[in-house]
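Under our numbering, residues 37 to 609 are what the sequence shown spells out, in order.
Please read the structure below before turning to the comments.
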Amino acid sequence: MEIVTDSTYKKSKQRQQGIEKLIAEILFHHFSDMVFIMEIEEGPKFRYLFVNQAGMDFAKLDENPVGKLLEDVIPSERVFKIYSHYKKALHSNELVMYTEEQVDQDGAIFESSFKIMRNENNDPTHLIWIIRKIDDKHAETIKQLERSDRLTGLWNRKAMMEHLQTEISRAETVNQEFSIVNVNIDRFKQFNDSLGHHIGDQLLKMVAGRMAQWNQPTSRLYHLSGDEFIILIINTNRKETKHDVQEILQLFDQPFYIDNEEYYMTPSIGVSMFPQDGKDANTLLKNANRALFFVKDQGKDHSRFYCSAMETDMSNFLMMESHLKNSIENKELTLHYQPQVNLKTGKIESFEALLRWNNWKLGSVSPAVFIPIAEQSGLIVLIGEWVIKEVCRQIAEWRDKGYKNIRVAINISPRQFIQKNLPYFIKQTLDQYDLPPTSIEIEITEGAMHDTNATLEILNKLKQLGMILSVDDFGTGYSSLNYLKRYPIDILKIDRSFIGEIKMNDKDAAITKTIIHLAHSLGLEVVAEGVEEARQVEFLTEAQCQKAQGFYFSHPLQAEEIEANILSKGVFS
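This is the structure we're talking about:
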């Protein structure tokens with residue numbers, strides 16, 4: 037048994053101190069990793085306790101900073117970064133690690149790790165910061181990961197900005213053009229919200245796959261976020277880019293199959309050219325985005341090149357959106373009602389509510405102008421709810437005057453249709469005015485019906501409430517015999533584009549007859565829109581179309597005119 041005396045204790049203590057000194061010397065002179073140990077003071081502030089030689093070389097320090105505060109030694113932007121990583125480490129018992137590019141002659145990449153030491157009260161006392169230079173192979177892998185989109189595997193925004201800067205310098209030197217092609221998937225938010233993010237992610241990967249198959253040796257493909265893809269096409273001109281864009285549009289001709297369901301998607305594409313549309317990355321991207329905006333404003337599913345006139349149009353859009361936000365509060369919105377006539381009896385059986393906007397500054401604004409603005413801004417949901425309330429209020433007013441069993445068709449926008457509370461809101465409004473569900477007819481466009489499962493769920497809820505459902509503009513969207521069989525639809529409305537030339541265009545006549553016969557075979561009622569001439573009425577009557585509406589019978593009328601000219605005269609059946 038060894039007897040521990042003061043002498044042996046002192047020798048043991050000296051030996052321990054010698055070992056610690058030796059370890060410190062090894063760390064200082066020979067350890068290739070950069071080691072910084074700092075005491076954490078109140079504030080918090082960091083005071084250097086130890087820095088090895090590699091750390092001094094890395095920080096380009098002429099003298100050892102031991103005893104000094106961190107902010108007195110290194111630049112403020114570096115101090116800010118360290119504080120942000122310290123905060124992360126403060127809430128973790130694990131090592132907090134990150135990588136960053138160090139701007140030096142080698143363009144090297146370093147991996148940093150933070151570890152906080154604590155006392156018996158769990159208070160932070162010391163910060164250990166170790167920096168390690170990553171080998172070339174590992175560094176290249178990290179570079180790739182930092183510049184790749186995790187979902188699609190395409191280049192990401194960081195890579196795009198770097199490539200753009202390089203391409204701008206190159207194109208300026210050799211006097212070449214290049215193009216930026218901004219591709220968005222139409223109605224993707226609606227698709228994603230109604231079917232779920234896992235289905236949306238699958239769609240994005242499939243779109244990326246198709247675009248990657250198209251990708252040319254002179255182009256680079258990027259996925260920025262959501263449904264936004266960018267294609268950089270180098271050494272090209274407007275004519276060649278136009279051809280490329282047409283090929284990209286054609287990539288969406290075939291449906292996407294996800295979980296045994298078929299989805300037809302369309303793209304909107306905006307294009308800017310270097311140097312005509314901008315000489316820096318931000319301007320080029322902004323102008324490609326503006327071109328894209330105008331594609332979406334004009335019906336989607338096509339492409340536009342940027343032009344300077346879009347600057348004025350954008351200002352007009354923003355001004356109109358601002359006025360539209362206050363349209364309900366300022367009582368600028370009104371409803372007109374267009375009669376729907378039974379072609380056999382000549383009696384008016386129902387009406388369609390049509391929205392009108394008369395602004396104090398802009399005057400009367402066409403629905404073709406303000407409805408797309410309301411759709412893009414999201415105001416359409418609030419406006420749509422106002423329409424539902426106003427229609428129900430008006431029907432109740434007519435009922436109280438003795439005009440009963442009036443039915444009014446209401447257009448529901450695709451954006452409003454996907455609101456999960458829509459059936460509840462409609463029922464609540466009907467109950468408020470003590471109206472039966474058959475008082476209103478819910479019109480939805482074919483474009484709102486491509487998300488099959490979500491669409492079916494909402495339509496079934498509306499049908500369970502006893503409402504009449506119709507498909508507007510039939511034949512112009514995503515027609516599918518499958519959804520006509522699956523969905524609880526009561527009425528098909530033939531789009532006016534088929535009605536205009538039915539007596540002169542054999543193709544339109546054949547399509548119209550086919551739609552009518554198809555609807556009848558499925559037990560559906562048919563309404564023809566845009567009827568303006570007697571010969572159209574004759575054709576539709578012979579084809580056994582049940583109802584029609586259009587200027588031939590009546591222009592849309594205000595509620596007072598409906599009451600005075602139709603209801604009070606017994607024309608309504």
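In this text, a Cβ means the ideal position worked out from N, Cα and C, and glycines have one as well.
_Those residues which DSSP pairs with A595 across a bridge_ = Answer is none; A595 lacks a bridge partner.
*In or out: A600 buried (at least 16 other Cβ within 10 Å) or exposed?*
A600 should be labelled exposed.
_I396 in three-state terms, based on DSSP_ = Residue identity differs from the one stated: residue 396 is Trp in this sequence, not Ile. Coil at W396, not helix or strand.
*Leaving out five residues on either side along the sequence, give the residues of the same chain with a beta carbon under 7 Å from the beta carbon of V405.*
The answer is none, since no qualifying residue turns up.
*Give the straight-line distance between the Cα atoms of V115 and L106, rounded to the nearest whole angstrom.*
V115 and L106: Cα-Cα distance of roughly 7 Å.
*asked:* Between which residues of its own chain and K241 is the CB-CB distance below 8 Å, once the five residues before and five after are set aside?
replied: Apart from sequence neighbours up to five positions away, the residues of its chain that approach K241 with a beta-carbon distance below 8 Å are L187 and T188, ordered along the chain.
*asked:* Determine whether the beta carbon atoms of Q582 and L415 lie at a separation below 9 Å.
replied: Between Q582 and L415, the C-beta gap is not smaller than 9 Å, which leaves the two residues out of contact.
*Within 9 Å, strictly: CB atoms of V102 and F86*: Going by C-beta atoms, V102 is nearer than 9 Å to F86.
*asked:* Under 8 Å: do the stretch 298-306 and the stretch 323-343 share three or more Cβ pairs, one atom per stretch?
replied: By the Cβ criterion, the stretch 298-306 is in contact with the stretch 323-343, since at least three pairs of Cβ atoms, one from each stretch, lie closer than 8 Å.
*Give the range of the alpha helix (DSSP H) segment to which E477 is assigned.*
Here E477 belongs to no alpha helix (DSSP H); instead the beta strand (DSSP E) covers I476 to T481.
*From the DSSP output, which residues share a beta bridge with D289?*
Residue pairing by DSSP places D289 in no beta bridge whatsoever.
_Boundaries of the alpha helix (DSSP H) in which W434 is found, first to last residue_ = L415 to D436 is the extent of the alpha helix (DSSP H) around W434.
*Reduced DSSP category for S604 - H, G, I as helix; E, B as strand; rest coil*: Three-state DSSP puts S604 in coil, outside helix and strand.
*asked:* Counting only beta-carbon separations shorter than 9 Å, does N100 have a partner in chain B?
replied: The chain labelled as chain B is not found in the depicted structure, where only one protein chain is given.
*Considering only residues of the same chain and omitting the five flanking positions on each side of D222, which have a CB-CB separation below 8 Å?*
Excluding residues within five positions, the ones whose Cβ falls inside 8 Å are M301, T302, P303, S304, K332, K336 and D337.
*Length of the line joining the Cα atoms of H591 and T481*: Using only the alpha carbons, I get a separation of about 22 Å.
*asked:* Distance check for I235 and N394, CA to CA, integer angstroms please.
replied: Roughly 41 Å between the two C-alpha positions.
*For A95, does the three-state DSSP call read helix, strand or coil?*
Under the three-state reduction of DSSP output, A95 falls in the coil class, being neither helix nor strand.
*Using the Cα positions of H66 and M92, report the straight-line distance between them to the nearest angstrom.*
Model confidence at H66 stands at a pLDDT of 46, short of 50, so the residue's coordinates are unreliable; what they give is reported in the following sentence. Cα to Cα, H66 sits roughly 13 Å from M92.
*Own chain, CB closer than 7 Å to N100, minus 5 neighbours either side, in chain order*: If we look at N100 and ignore the five residues flanking it on each side, its Cβ neighbours are V87 and M92.
*In chain order, what residues of the same chain have a beta carbon less than 7 Å from the beta carbon of Y293, not counting five sequence neighbours either side?*
Answer for Y293: no residue qualifies.
*For F589, which three-state DSSP category applies?*
In the three-state DSSP reduction, F589 falls in the coil class, being neither helix nor strand.
*Spatial distance of I62 from Q252 (CA atoms)*: Any reading at I62 must be qualified, since the residue scores a pLDDT of 47, below 50, and its modelled position is unreliable; the value itself is stated next. One C-alpha to the other measures close to 54 Å.
_A445 - DSSP class collapsed to helix/strand/coil_ = Three-state DSSP puts A445 in a strand.
*In terms of residues, what are the limits of the alpha helix (DSSP H) holding L560?*
Where L560 is concerned, there is no enclosing alpha helix (DSSP H), because DSSP gives it neither an H nor an E.
*Can the beta-carbon of I21 be found closer than 9 Å to that of P160?*
Not covered by the structure: residue 21. The range shown for the chain is 37 to 609.
*asked:* Considering only the alpha carbon of each residue, which of M355, K315, V217 and R435 lies closest to H279?
replied: Closest by alpha carbon: V217.
*When burial is assigned at 16 or more other CB atoms within 10 Å of the CB, is E477 buried or exposed?*
In summary, E477 is buried, with 16 or more beta-carbon neighbours lying within 10 Å of its beta-carbon over all protein chains present.
_Going by beta-carbon coordinates alone, are L501 and Y523 separated by less than 9 Å?_
No. Outside cutoff.
_Collapsed DSSP secondary structure at K81 in the structure displayed_ = Correct three-state label for K81: strand.
*Rounded C-beta distance between Y258 and L321? I'm assuming under 8 Å.*
Y258 to L321, Cβ: 11 Å. No contact.
*Rounded to a whole number of angstroms, what is the C-alpha to C-alpha distance between E479 and N457?*
For E479 and N457, the distance between alpha carbons rounds to 17 Å.
*asked:* Here's a check: name, in chain order, each residue in its chain whose Cβ is nearer than 6 Å to the Cβ of I166, leaving out the five neighbours to either side.
replied: Only D69, V71 and S149 meet the Cβ criterion.
*Give the DSSP-derived three-state secondary structure of M503 in the structure shown.*
Under the three-state reduction of DSSP output, M503 falls in the coil class, being neither helix nor strand.
*Between which two residues does the alpha helix (DSSP H) carrying P459 extend?*
Note, P459: alpha helix (DSSP H), L458 to Q468.
_Once the 5 residues before and after A389 are set aside, which same chain residues still bring their CB inside 7 Å of it?_
Correct list, in chain order: L371, Y373, V423, V427, V444, A445 and I446.
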